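This note's numbering puts the first residue of the sequence shown at 1, with every later residue one more than the last.
Accompanying notes for the structure given below.
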Amino acid sequence: TLWAFGEEGKAVEFSLKGEPLQQVQWKEIIQPSGVTWDNHGVMYIADELGDAIYRKVQGDVKLWSSEVRAPKGICFYGNAFYTVQEGDDRLVVLNSSGKVKEIYPLPVRQTTKRNRYGGLVCKNGKLYIPATLSNYIYVLNARGEKLKEIGGYGSGPGEFTALVSLFQDDEGNLYTTEHY
1 TLWAFGEEGK
11 AVEFSLKGEP
21 LQQVQWKEII
31 QPSGVTWDNH
41 GVMYIADELG
51 DAIYRKVQGD
61 VKLWSSEVRA
71 PKGICFYGNA
81 FYTVQEGDDR
91 LVVLNSSGKV
101 KEIYPLPVRQ
111 TTKRNRYGGL
121 VCKNGKLYIP
131 ATLSNYIYVL
141 NARGEKLKEI
151 GGYGSGPGEF
161 TALVSLFQDD
171 EGNLYTTEHY
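Right, here's the structure in full:
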């Protein structure tokens, strides 16, 4: 299924055909910034403005971690969760209990303004992190080391003019969204 999140904890679950299955409102969540599932199918939701990560348990959400300030996106790989601590450009690795395991500085290009990040995808042992102001997608390993950069500013193939977010489908294809 697909989930769409709005402000103030509003969420809608859709079938892959686009049919709404359920609509919920979790009052605990202020501004969702990412969602992932662990290898048991449990959903985790990063709340950027609430400085928290929630875990969906039997239809309700419960606070899982409050150790990351402004978590932007979340993904699960191996036995760890990854999120970006926006504002100081750090990749934070959490263990299965929601405790900080490692913190790595993000090896990103500096811009005149503070970088913003949209979404976070774990795929084949790599982390894909879109930086919206520099218009690059950074590909990192699980230790936060940069493997490569994708994109840059422009309107040609593989370039972005206003990168917003990054998503992955069930087949592992990556998709970006941009402002126009």
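A virtual CB, placed ideally from N, CA and C, is assigned to each residue, including glycine.
Bear in mind that the values here come from a model prediction, so they are computed numbers and not experimental data.
Straight-line Cα distance separating residue j from residue i
i, j, result
"G154", "V164", "14 Å"
"V139", "L127", "6 Å"
"G156", "I129", "20 Å"
"I103", "T176", "26 Å"
"Y54", "E48", "11 Å"
"T132", "T161", "9 Å"
"I30", "E145", "31 Å"
"D60", "Y44", "11 Å"
Cut-off 6 Å between Cβ atoms - residues of its own chain near residue i, not counting five sequence neighbours on either side
i, result
"G13", "The residue asked about is misnamed: residue 13 is Glu in this sequence, not Gly. T1, W3, L21, Q22."
Where residue i sits in the DSSP three-state scheme
i, result
"E145", "coil"
"E178", "strand"
7 Å CB neighbourhood of residue i in its chain, flanking five on each side removed
i, result
"S15", "T1, L21"
"Q201", "The structure shown has nothing for residue 201, since the chain only spans 1 to 180."
"H179", "A162, V164"
Nonlocal neighbours in the same chain, by C-beta distance under 8 Å from residue i, ignoring five residues either side
i, result
"K123", "Q168, G172, L174"
Between the segment 35-49 and the segment 17-24, do three or more beta carbon pairs fall short of 8 Å?
no
Beta strand (DSSP E) runs wholly inside the segment 93-132, at least 3 long, in chain order:
Entirely contained in the segment 93-132, the beta strand (DSSP E) runs reaching 3 residues are, in chain order, 100-105, 121-123, 126-131.
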